[in-house]
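Asks: The opening position of the sequence shown corresponds to residue 0 in numbering that gives the first Met the number 0, with each subsequent residue numbered one higher.
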Amino acid sequence: MKFRVERDALADAVAWTAKSLPSRPSVPVLAGVLLRVADGRLQVSSFDYEVSSQVSVEVQADADGATLVSGRLLAEITKSLPAKPVDVAAVGAHVEITCGSARFTLPTMPVEDYPTLPEMPESAGAVDAALFAKAVSQVAVAAGRDDTLPMLTGVRIELEGTTLTLLATDRYRLAVRELMWHPDEPDMSVAALVPARTLDDTAKTLGPLGGNVSVALSRGKLGDGMIGFAGGARRTTSRLLEGDFPKVRALLPDHHNAQARIPVAALNEVVRRVGLVAERQTPVRLSFSTDGLVVEASGSEDARASEAMDCQYEGEPMTIAFNHQYLLDGLKALDAPIAVLSFTDPKKPAVMSPAKDDGEIIPGYWYLIMPVRIGS
């Protein structure tokens, strides 16, 4: 194998592929990225039996072939090379990388021991790449991180006709995002549970490429399901999570007894300031009235903080408390100038929605947050 390639193209391809490599591979070859050259194109691949990543790059090939090298080391090397063409050649049990006067020789691993990458599942449809990336980031923030409850570490994707819905929860908050997409079958009705981290990393990478992201889905027997995403010259597949995702839609209230409209930037600043005295599990208290909003927090050794701010509020006066980091996460996810908080009761979940400058709610996103019990 021998080829020449532009430095930036190689560095981007290796960095994206190496990002999904396992930190503790079960066998040494899974720490590698596979470089395969054929028909004037280089394919850079990684696979850990759960997630596969592959990107194709145009190269000037002198000899076809394949080699397997440490992915993380290759990523560090390629991103530090000078801005010049890179020559890569497999020589015996090593691969030589030359760029300008920089030269590296890396050991290789046996290609024949590397697992075969899974094929892309059957196409299900396509969605705007930038819109999809934003939607995933809005939902993935609410996914759980407790591996003892694996079904909560995923994002549920529901494909119903022309509507694609993303849902995630860690039991203390819930994020729901609905967006339009282009299904291959107009009457499609299917759901999949995708690891949140994999989905978020994939969407972030494919979003800036523009165009559409192709969504592919296999629906085999339990545990055999797989989802795939492709955009530009990049594609990734992931095994689906097992288990029943909780029926969270019932948590979204169908009415509210009080509602507040607050500038996101201002509330974010106030919660951050007041939250400085709050310990990790200490909530911030929000007291709403027609006079405005007062945000309060207390910490150890009688440390206290409070700050008043303007807000547009409709309803009876109410005091409700939230985990301040969950509240900040929700404000960031809104990606809008105004936050609309809808309440039914101080002891029941509140729903945060994005709104335009004039206060009109932007449909399609809900961030539900559980309140923290506070003393009377």
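For glycine and all other residues, C-beta sits at the position ideal for the given N, C-alpha and C.
Note that the coordinates shown come from a computational prediction; the quantities given were computed from them, not determined experimentally.
For a quick check, are the C-beta atoms of residue 117 and residue 235 less than 8 Å apart?
Replies: If you number the sequence shown from 1, residue 117 lands on position 118. If you number the sequence shown from 1, residue 235 lands on position 236. Contact: no.
Asks: Which of helix, strand or coil does DSSP assign to residue 422?
Replies: Past the boundaries of the shown model lies residue 422; the chain is included only from 0 to 375, so the question cannot be answered.
Asks: Straight-line CA distance for residue 273 to residue 288?
Replies: What you label residue 273 is simply residue 274 of the sequence shown in a count that begins at 1. What you label residue 288 is simply residue 289 of the sequence shown in a count that begins at 1. Computed Cα separation, rounded: 19 Å.
Asks: How about residue 216 and residue 302: do their beta carbons lie closer than 8 Å?
Replies: The count along the sequence shown starts at 1 and reaches residue 216 at position 217. The count along the sequence shown starts at 1 and reaches residue 302 at position 303. No, the pair does not count as a contact, with Cβ atoms beyond the cut-off.
Asks: Have a look at residue 95 and residue 120 and give me their C-alpha separation to the nearest angstrom.
Replies: In the sequence shown, counting from the first residue as 1, residue 95 sits at position 96. In the sequence shown, counting from the first residue as 1, residue 120 sits at position 121. Going by the C-alpha atoms only, they are around 35 Å apart.
Asks: For residue 333 versus residue 308, is the C-beta distance shorter than 8 Å?
Replies: As a working note, residue 333 is residue 334 in the sequence shown. As a working note, residue 308 is residue 309 in the sequence shown. No, they are not a contact pair.
Asks: Which runs of the alpha helix (DSSP H) spanning at least 4 residues fall entirely within the stretch 166-226, listed in chain order?
Replies: Runs of the alpha helix (DSSP H) inside the stretch 166-226: 195-205.
Asks: Do you know whose CA, among 9, 85 and 243, lies nearest residue 154's CA?
Replies: Start at 1 with the first residue of the sequence shown, and residue 154 comes out as number 155. Residue 243 is the option with its Cα nearest to residue 154.
Asks: Is the CB-CB distance between residue 247 and residue 166 below 8 Å?
Replies: The residue labelled residue 247 in the question sits at position 248 within the sequence shown. The residue labelled residue 166 in the question sits at position 167 within the sequence shown. Yes, they are a contact pair.
Asks: Could you say which of 310, 0, 191 and 280 lies nearest to residue 60 if we only look at CA atoms?
Replies: Against the sequence shown, residue 60 aligns to sequence position 61. The shortest C-alpha separation from residue 60 is found at 0.
Asks: Return the CA-CA distance between residue 84 and residue 8, expressed in angstroms with no decimal places.
Replies: Within the sequence shown, residue 84 is the residue found at index 85, counting from 1. Within the sequence shown, residue 8 is the residue found at index 9, counting from 1. Roughly 10 Å separates the two Cα atoms.
Asks: Grab me the residues of residue 233's own chain with a C-beta within less than 6 Å of its C-beta, minus the 5 sequence neighbours each way, in chain order.
Replies: Position 234 of the sequence shown holds residue 233. Result list for residue 233: 54, in chain order.
Asks: Pull up the distance between the alpha-carbon of residue 222 and that of residue 133, whole angstroms please.
Replies: Numbered from its first residue, the sequence shown carries residue 222 at position 223. Numbered from its first residue, the sequence shown carries residue 133 at position 134. Summary for residue 222: the model assigns pLDDT 44, below 50, so the residue's position carries little reliability, and this model does not support an answer.
Asks: Going by DSSP, which residues form a beta bridge with residue 310?
Replies: For the purposes of this step, residue 310 is identified with residue 311 of the sequence shown, where counting begins at 1. The partner list for residue 310 (beta bridge, DSSP) is empty, contrary to what the question assumes.
Asks: If residue 230 and residue 205 are in contact, beta carbons under 8 Å, what's the gap, nearest whole angstrom?
Replies: The residue given as residue 230 occupies position 231 in the sequence shown. The residue given as residue 205 occupies position 206 in the sequence shown. Confirmed, Cβ separation roughly 4 Å.
Asks: Where does residue 255 sit, in a helix, a strand or coil, going by DSSP?
Replies: Translated into the one-based positions of the sequence shown, residue 255 becomes position 256. Of the three classes helix, strand and coil, the one that applies to residue 255 here is coil, per DSSP.
Asks: Provide the residue span of the alpha helix (DSSP H) that contains residue 69, from first to last.
Replies: Your numbering for residue 69 matches position 70 in the sequence shown. Taken as a continuous stretch (DSSP letters only), residue 69 belongs to no alpha helix (DSSP H), being part of the beta strand (DSSP E) at 64-69.
Asks: Taking only the alpha-carbon atoms, compute the straight-line gap between residue 354 and residue 339 and give it to the nearest angstrom.
Replies: Taking the first residue of the sequence shown as position 1, residue 354 is located at position 355. Taking the first residue of the sequence shown as position 1, residue 339 is located at position 340. About 7 Å.
Asks: Are the Cβ atoms of residue 15 and residue 69 separated by less than 8 Å?
Replies: Position 16 of the sequence shown, counted from the first residue, corresponds to residue 15. Position 70 of the sequence shown, counted from the first residue, corresponds to residue 69. No.
Asks: If we ignore side chains and look at the alpha-carbon of each, how far apart do residue 179 and residue 161 end up?
Replies: The residue given as residue 179 occupies position 180 in the sequence shown. The residue given as residue 161 occupies position 162 in the sequence shown. C-alpha separation (whole angstroms): 6 Å.
Asks: May I ask you to report which of helix, strand or coil DSSP gives residue 150?
Replies: Working through the sequence shown from its first residue, we reach residue 150 at position 151. The answer is helix: DSSP assigns residue 150 an H, G or I state.
Asks: Please confirm whether residue 366 and residue 329 have their CB atoms less than 8 Å apart.
Replies: Residue 366 sits at position 367 when you count from the first residue of the sequence shown. Residue 329 sits at position 330 when you count from the first residue of the sequence shown. Yes; because the gap between Cβ atoms is below 8 Å, this pair is in contact.
Asks: Please return the same chain residues whose Cβ sits closer than 7 Å to the Cβ of residue 384, not counting the five positions on each side in sequence.
Replies: Outside the shown range of the chain, which is 0 to 375, sits residue 384, and nothing can be said about it.
Asks: Hey, how far is the Cα of residue 281 from the Cα of residue 327?
Replies: If you number the sequence shown from 1, residue 281 lands on position 282. If you number the sequence shown from 1, residue 327 lands on position 328. Whole-angstrom Cα-Cα distance: 14 Å.
Asks: Return the chain-ordered list of same chain residues with a C-beta closer than 7 Å to the C-beta of residue 368, the five sequence neighbours on each side being excluded.
Replies: For the purposes of this step, residue 368 is taken as residue 369 along the sequence shown, with counting starting at 1. The residues are 172, 321, 325, 326, 329, 348, 349 and 351.
Asks: Kindly examine the ligand FMN and report whether one of its heavy atoms sits closer than 7 Å to the Cβ of residue 113.
Replies: The ligand FMN is not part of the structure shown, which contains no ligands of any sort.
Asks: How long is the line joining the alpha carbons of residue 27 and residue 49, rounded to whole angstroms?
Replies: The residue labelled residue 27 in the question sits at position 28 within the sequence shown. The residue labelled residue 49 in the question sits at position 50 within the sequence shown. Cα-Cα distance, rounded: 16 Å.
Asks: Report the option in 64, 372, 214 and 331 whose CA atom is closest to the CA atom of residue 268.
Replies: For this step, residue 268 is matched to residue 269 along the sequence shown. Comparing Cα-Cα distances from residue 268 to each of 64, 372, 214 and 331, the minimum goes to 331.
Asks: What runs of the alpha helix (DSSP H), each 4 residues or longer, lie entirely inside the stretch 282-340?
Replies: Listed in chain order, the complete alpha helix (DSSP H) runs (minimum 4 residues) inside the stretch 282-340 are 323-333.
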